[in-house]
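The structure appears right after this line, and notes come after that.
In my numbering, the protein residues as written are 986 to 1375.
This is the structure in structure tokens:
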């Protein structure tokens, strides 16, 4: 959806410097034309008497002048229209004549004039529909390299990331959905130089016991700030994350099997963290007091974990706008929550809501909601799931 929003108006967004110039020329011509008209009107103001005089003179001159057949001045304009039409037809034919596999996975087509391959801004490679267990090395070979902005690999039983993923410089994001990762090595790793615009990585319903090398090999894209891993069997976060995901700001590890608190993640410059529905039983005592951990969170979600207590100490500089604690086993809130949490403490269906003191706090919400894994996380599973069917 994010990619489609960006490329919705194809007359504005360009794919290259040349494409930008071609799109700017007609708009610039209109602007110069309007400016010229404005200049003429200001320099030669029109009044009633001059209009009558000019019209009268024009009639006399016209009647006296010899009549010549008008020249066909629109020939050049027709030629321009024909050229533009031919370029658009050529772009349409690229997609129409593409092999069935390439045409099937193109979700959002674009039509840059001088493209040599099929131009798609959004590609969805469905292994089930393609009749394969994993995309082949040349699966993305028929796509225009500068056009592709988002790739979705889904329903792959033996997924191997093709190395051609490194050939798309305008890639904004990558998503894996319902795949079992067999190999995603260095040869197909995300890279800051090869993917300078990439901003998000989403992995949902992914079978992996550890994070693949392809997302841990430095340097990762500088703008890659959003990491979302949902419904996986991942049980631990490697220390290499602290060196690879150095620009991470948003981290979702939801509906997973984490049993040990992922301290490594909190050594990153994160501001929005969701660890909803894991198996975390304890938090580090210095999580909120040590300067090695973040001092500002827009959201910190610890819901659906068997956490009995929060750390007692917190530094004065700490700010948490929203703290989510539903379905934990926390019985009391430490004193620092009154001054440090700014907007909301959601604690519904946790023992802490039985404490009268807690209920008196204005920022505490004790809403009673039933557990629904499709709706009780920060990743919008219920919204995305219908678009990822077999």
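Glycine is no exception: its CB is placed at the ideal position from the N, C-alpha and C atoms. For clarity, every value in this text was computed on a predicted model and none was experimentally measured.
1) Taking DSSP as the reference, what is the three-state secondary structure of residue 1046?
2) Which runs of the beta strand (DSSP E) spanning at least 3 residues fall entirely within the segment 1155 to 1210, listed in chain order?
3) With a threshold of 6 Å on Cβ separation, who are the neighbours of residue 1180 within its own chain once the five nearest residues in sequence on each side are excluded?
4) Grouping DSSP H, G and I as helix and E and B as strand, with all else coil, what is residue 1222?
5) Check the C-beta distance from residue 1295 over to residue 1325 and give it rounded, since I have them as a contact under 8 Å.
6) Report the residue ranges of all alpha helix (DSSP H) runs contained in full by the segment 1287 to 1370; include only those spanning at least 4 residues, in chain order.
7) Residues in the same chain with beta-carbon distance under 8 Å from residue 1223, minus the five sequence neighbours each way, listed in chain order, please.
8) Given this structure, state the Cα-to-Cα distance separating residue 1242 from residue 1359, to the nearest angstrom.
9) Would the beta-carbon of residue 1169 fall within 9 Å of that of residue 1140?
10) Quick check: residue 1138 and residue 1160, are their CB atoms within less than 9 Å of each other?
11) Output the distance between the C-alpha atoms of residue 1146 and residue 1271, rounded to the nearest integer angstrom.
12) Residue 1087 to residue 1142, Cα distance in whole Å?
13) Take the Cβ of residue 1011 as the centre, count every other Cβ of all protein chains shown within 10 Å, and call the residue buried at 16 or more, exposed below.
14) Rounded to the nearest angstrom, what separates residue 1352 and residue 1153 at their Cα positions?
15) On a Cα-Cα basis, can you pick out the residue from 1171, 1286, 1118, 1278 that is closest to residue 1252?
16) For a test of the three-state rule: what should DSSP assign to residue 1012, helix, strand or coil?
17) Less than 9 Å between the beta carbons of residue 1215 and residue 1239, yes or no?
18) Between the segment 1306 to 1313 and the segment 1285 to 1295, are three or more C-beta pairs nearer than 8 Å?
19) Below 9 Å between beta carbons: does that hold for residue 1292 and residue 1265?
20) Please determine if the segment 1330 to 1347 and the segment 1357 to 1373 are in contact, where contact requires at least 3 C-beta pairs separated by less than 8 Å.
21) So, is residue 1018 buried or exposed, given that buried needs 16 or more other C-beta atoms within 10 angstroms?
22) So, using beta-carbon positions, are residue 1228 and residue 1187 closer together than 9 Å?
23) Mind checking which residues open and close the beta strand (DSSP E) that includes residue 1237?
24) Determine the contact status of residue 1259 and residue 1364, defining contact as a CB-CB distance below 9 Å.
25) Decide if residue 1362 is buried, meaning its Cβ has at least 16 other Cβ atoms within 10 Å, or exposed.
26) Pull up the distance between the alpha-carbon of residue 1199 and that of residue 1193, whole angstroms please.
In short:
1) Counted from its first residue, the chain shown places residue 1046 at position 61. For residue 1046, the predicted structure reports a pLDDT of 47, less than 50, and the residue's modelled location is therefore unreliable. A value from the coordinates is still provided. Three-state DSSP puts residue 1046 in a helix.
2) Taken in chain order, the whole beta strand (DSSP E) runs of length 3 or more contained in the segment 1155 to 1210 are 1158 to 1168, 1185 to 1192.
3) Here residue 1180 corresponds to residue number 195 of the chain shown, with the count starting at 1. Taken in chain order, the residues that qualify are 1156, 1206.
4) Stepping through the chain shown from its first residue, residue 1222 is reached at position 237. Looking at residue 1222 - three-state DSSP - the assignment turns out to be coil, as it is neither helix nor strand.
5) Numbered from 1 along the chain shown, position 310 holds the residue referred to as residue 1295. Numbered from 1 along the chain shown, position 340 holds the residue referred to as residue 1325. Contact flag wrong, Cβ pair sits at about 11 Å.
6) Taking only runs of at least 4 residues, the alpha helix (DSSP H) segments lying wholly in the segment 1287 to 1370 are 1322 to 1325, 1341 to 1345, 1366 to 1369.
7) Here residue 1223 refers to the residue found at position 238 of the chain shown. Correct list, in chain order: 1195, 1196, 1201, 1249.
8) As a position in the chain shown, residue 1242 is number 257, starting the count at 1. As a position in the chain shown, residue 1359 is number 374, starting the count at 1. Near 17 Å, if we compare the C-alpha coordinates of residue 1359 and residue 1242.
9) As a first step, residue 1169 is located in the chain shown; it is residue number 184 there, counting from the start. As a first step, residue 1140 is located in the chain shown; it is residue number 155 there, counting from the start. No, the Cβ-Cβ distance between residue 1169 and residue 1140 is not below 9 Å.
10) Against the chain shown, residue 1138 aligns to sequence position 153. Against the chain shown, residue 1160 aligns to sequence position 175. Going by C-beta atoms, residue 1138 is nearer than 9 Å to residue 1160.
11) By one-based count along the chain shown, residue 1146 stands at place 161. By one-based count along the chain shown, residue 1271 stands at place 286. Answer to the nearest angstrom: the Cα atoms are 39 Å apart.
12) Position 102 of the chain shown holds residue 1087. Position 157 of the chain shown holds residue 1142. So the alpha carbons of these two residues sit roughly 20 Å apart.
13) Residue numbering aside, residue 1011 sits at position 26 when the chain shown is read from its first letter. With fewer than 16 other Cβ atoms within 10 Å, it is exposed.
14) Locating residue 1352 in the chain shown gives position 367, counting from the first residue. Locating residue 1153 in the chain shown gives position 168, counting from the first residue. Answer to the nearest angstrom: the Cα atoms are 46 Å apart.
15) Sequence index remark: in the chain shown, residue 1252 carries index 267 (1-based). If we check each option's Cα against that of residue 1252, 1278 comes out closest.
16) Counting from one through the chain shown, the residue named residue 1012 turns up at place 27. Reduced to three states, the DSSP call for residue 1012 is helix.
17) What you label residue 1215 is simply residue 230 of the chain shown in a count that begins at 1. What you label residue 1239 is simply residue 254 of the chain shown in a count that begins at 1. Taking 9 Å as the Cβ cut-off, residue 1215 and residue 1239 qualify as a contacting pair.
18) yes
19) As a first step, residue 1292 is located in the chain shown; it is residue number 307 there, counting from the start. As a first step, residue 1265 is located in the chain shown; it is residue number 280 there, counting from the start. For residue 1292 and residue 1265, yes; Cβs fall inside 9 Å.
20) no
21) Within the chain shown, residue 1018 is the residue found at index 33, counting from 1. In summary, residue 1018 is exposed, with fewer than 16 beta-carbon neighbours lying within 10 Å of its beta-carbon over all protein chains present.
22) Along the chain shown, read from residue 1 onward, the residue named residue 1228 stands at position 243. Along the chain shown, read from residue 1 onward, the residue named residue 1187 stands at position 202. No, they are not a contact pair.
23) Here residue 1237 corresponds to residue number 252 of the chain shown, with the count starting at 1. 1235 to 1239 is the extent of the beta strand (DSSP E) around residue 1237.
24) Indexing the chain shown from 1 puts residue 1259 at position 274. Indexing the chain shown from 1 puts residue 1364 at position 379. In contact: residue 1259 and residue 1364 (Cβ atoms closer than 9 Å).
25) Here residue 1362 is taken as the residue at index 377 of the chain shown, counted from 1. Residue 1362 should be labelled buried.
26) If you number the chain shown from 1, residue 1199 lands on position 214. If you number the chain shown from 1, residue 1193 lands on position 208. Rounded to whole angstroms, residue 1199 to residue 1193 spans 13 Å at the Cα level.
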